[in-house]
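Number of protein chains: 2
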Amino acid sequence: MPTNRQVLLDNRPKGEATASNFKLVTSETPALQDGQVLVRHHYLSLDPYMRGRMNEGKSYAQPQPLGQVMQGGTVGEVVESRNPKFAVGDKVQGMGGWQEYSVVDGNQAGMLRKLDTTHVPISQYLGAVGMPGVTAWYGLVKIIEPKEGQTIVVSAASGAVGSAVGVLAKQRGARAIGVAGGPDKCKYVTDELGFDACIDYRQHKDARSLAQALKEACPNGIDGYFENVGGLVLDAVMLQANAFSRIAMCGMIAGYNGEPIPMAYPQLILTNRMRVEGFIVSEHMEVWPEALKELGTLVATGKLRPRETVAQGLDAAPEAFLGLLKGRNFGKQLVKLA
Amino acid sequence: MPTNRQVLLDNRPKGEATASNFKLVTSETPALQDGQVLVRHHYLSLDPYMRGRMNEGKSYAQPQPLGQVMQGGTVGEVVESRNPKFAVGDKVQGMGGWQEYSVVDGNQAGMLRKLDTTHVPISQYLGAVGMPGVTAWYGLVKIIEPKEGQTIVVSAASGAVGSAVGVLAKQRGARAIGVAGGPDKCKYVTDELGFDACIDYRQHKDARSLAQALKEACPNGIDGYFENVGGLVLDAVMLQANAFSRIAMCGMIAGYNGEPIPMAYPQLILTNRMRVEGFIVSEHMEVWPEALKELGTLVATGKLRPRETVAQGLDAAPEAFLGLLKGRNFGKQLVKLA
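In order, the protein sequence lines correspond to chains W and B.
Counting in full-length UniProt numbering, the first sequence runs from 1 upward without gaps.
Counting in full-length UniProt numbering, the second sequence runs from 1 upward without gaps.
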């Protein structure tokens, strides 16, 4: 059996996460039992939700256990199988974690999904045609429910989730306005993803200033907002929100370090009769087939061309993850493992 | 025609509203035109929403115009009629405003509604069997959607809206927990309205302390919250909110003076997958018949026994209104005009 390298959560962050929270170890992969499959990971997905799980205490998911392999989505290839449902060479997706190999019970439902990589590159199953894409789809389609001609704003617009939100909104005849950090990301959001406009939040020190920029980009106000960030952007969007507008709360990177990120103007929820709704895509498995079908078609036909930032090798995972939390990635953050 | 006394909005509040914002004037009621009705008001309703309309600027309703009679709900009696649909002596409800008489076009739909006062005292049509009652009904039934055994919290629980929320929640097999100001109001909420518990927010200086009291009163967490206040209570409730809990945003007295009232922990909307929704009952006229039927039955059978605080005479209206904004009333605030 091959030697496996793994990244463990060694200790929990106090405030900001640092590289010293992680530990790289080497272990032998155990011999397979009946029904098990050995998967060699090609890509590991790094996602903001992982930061939340590094904390102790109440959140939507169980905390990541200390001393164990960091959890995370992976795509890869079956390299050994004692399960008739999986053959060596099958491309598969699972929650393999921050490691080079995983041993998976192929009989347990939902643990391993076979992938068709004819038209869709395997890494996209961790992005636009995977959890981030379905996250975009659920928040937009089921919570924001955009109507033709309405204006939809999404933060972290160049990211894996944000890029899909905008393209899906455009498909429904809505205007898509992005918020992103820096001119390069904004240019990508408008020129390559086809958003109607993108605002560089780094040009604005406070919510009022950002709200003014949003007003110019959204002359008819904002009907829906897909929230990936929290804080300043949320406040600014609420100042331009229309009556009966909807906010899908998907991520609040701004708050992962435990610092307070108050919502400045909650009374606008009342005066504008808004609906603000949090969700976690893994609790809505019923939409995955429909969502993946639309997302797969958009990627295969080139209508959704998501960017990827790819770190090389497992050693690079912790720094890549910390960079993701600071917005240093451009598009979907992956780690190439093979 | 009788002499009419009226309260006008003389100038807009700068910060807190004061008596000097209002002006009492006397005028002659004009002679009736064909189709018009002269109504003598028995009661004027004072409601928190009026404070919002005293401000200029964007809100859910047009601002109250300066120099004109303050708008408000009234019940009274037809004393003169040039409309075959209304006879002298009919009891009616309308938006007569802060004045002793109003002249109403009886042909315009929705302007004047005839009341049956056989089983329900006329003043209740401004409270439990009127706009405040339907507000409670809509927010509870349509937004919070309580299930049997769930825990529902309501702020301003002794008030016209809050009292109905609790009684309606109990009717649906839910636990009802009130938040109110002072021991007398809390005693009324539990002993006379039948809530399971009531917390005196004045005993708590911060959200953490109030959250601890809520935790003791709600050992299974909070599934629904009916928000009448904003600020501290909202923060405390959110700290005890369950997964998939719902907040109906109905009023935010705390913010009417324009001071900031941030929501301290918006990230809980995400981690608890909450739904937070603002509403205005006048935009949901379709529920009024069903709601009024249930509320009328609850009042007529003594299951909902709302308190009233009655100020005497139009002169007393401004001070009574300012007291309402400070929570000095006990139950529905009315002004007796005849």
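Note that the Cβ used here is the ideal one computed from N, Cα and C, for glycine as well.
- For I222 (chain W), no chain B residue has a Cβ inside 9 angstroms of its Cβ, as the nearest lies near 14 angstroms away.
- No Cβ of chain W is located within less than 8 angstroms of the beta carbon of G159 (chain B).
- When the Cα atoms are used, L239 (chain B) and D191 (chain W) turn out to be separated by approximately 43 angstroms.
- For V161 (chain W), the enclosing alpha helix (DSSP H) stretches over residues 160 to 171.
- Distance from the CA atom of F195 (chain W) to the CA atom of P289 (chain W), rounded to whole angstroms, is 26 angstroms.
- Annotation: the continuous alpha helix (DSSP H) that includes M238 (chain W) extends over 232 to 239.
- Around the beta-carbon of R328 (chain W), fewer than 16 other beta-carbon atoms lie within 10 Å, marking it exposed.
- DSSP, reduced to helix, strand and coil, places M54 (chain B) within a helical segment of the structure shown.
- Shown here, F321 (chain W) sits in a helix according to DSSP, grouped into three states.
- A straight-line Cα-Cα distance of about 6 angstroms links R246 (chain W) and V276 (chain W).
- For R82 (chain B), no beta strand (DSSP E) segment is defined, and its DSSP state is neither H nor E.
- The beta carbon of V129 (chain W) is closer than 7 angstroms to those of V120, L292, L295, G296, V299 in its chain, skipping five residues each way along the sequence.
- For L270 (chain W), a Cβ of chain B is located within less than 8 angstroms of the residue's own Cβ.
- K326 (chain W) sits in coil when the DSSP states are folded into three classes, being neither helix nor strand.
- Between F244 (chain W) and the set W:G251, W:V104, W:F22, W:I144, the nearest pair of CA atoms involves W:I144.
- Taken through DSSP and simplified to helix, strand or coil, K293 (chain W) comes out as helix.
- For Q267 (chain W), the enclosing alpha helix (DSSP H) begins and ends at 267 to 271.
- In the DSSP assignment, L214 (chain W) falls within the alpha helix (DSSP H) that extends over 207 to 217.
- As computed with DSSP, H41 (chain W) is found in a beta bridge with W:G76.
- According to DSSP, residue pairing for N4 (chain W) in a beta bridge involves W:S27.
- Under the 10 Å beta carbon count, P132 (chain W) is surrounded by 16 or more other beta carbons and is classified as buried.
- Taken through DSSP and simplified to helix, strand or coil, C198 (chain B) comes out as strand.
- Think of a sphere of 7 angstroms around the beta carbon of I280 (chain B): the chain W residues whose beta carbon falls inside it are R273, in chain order.
- Within the DSSP secondary-structure output, R175 (chain B) pairs in a beta bridge with B:T151.
- L46 (chain B) sits close to Q333 (chain B), with the two beta carbons spaced by under 8 angstroms.
- A distance below 8 angstroms separates the beta carbons of L140 (chain W) and L168 (chain W).
- In this structure N228 (chain B) is buried. Its beta-carbon is surrounded by 16 or more other beta-carbon atoms within 10 angstroms.
- Judged by pairs of C-beta atoms under 8 angstroms, the segment 82 to 93 of chain W touches the segment 18 to 38 of chain W, as three or more such pairs exist.
- Scanning B:S282, B:M249, B:V88, B:L193 for the CA closest to the CA of Y265 (chain W) turns up B:M249.
- Residue environment analysis places D105 (chain B) among the exposed positions, since fewer than 16 neighbouring C-beta atoms fall within 10 angstroms of its C-beta.
- Under the three-state reduction of DSSP output, I247 (chain B) falls in the strand class.
- Going by DSSP, D184 (chain B) is part of no beta strand (DSSP E) but of the alpha helix (DSSP H) stretching over 183 to 191.
- The Cβ-Cβ distance between L232 (chain B) and A17 (chain B) does not fall below 8 angstroms.
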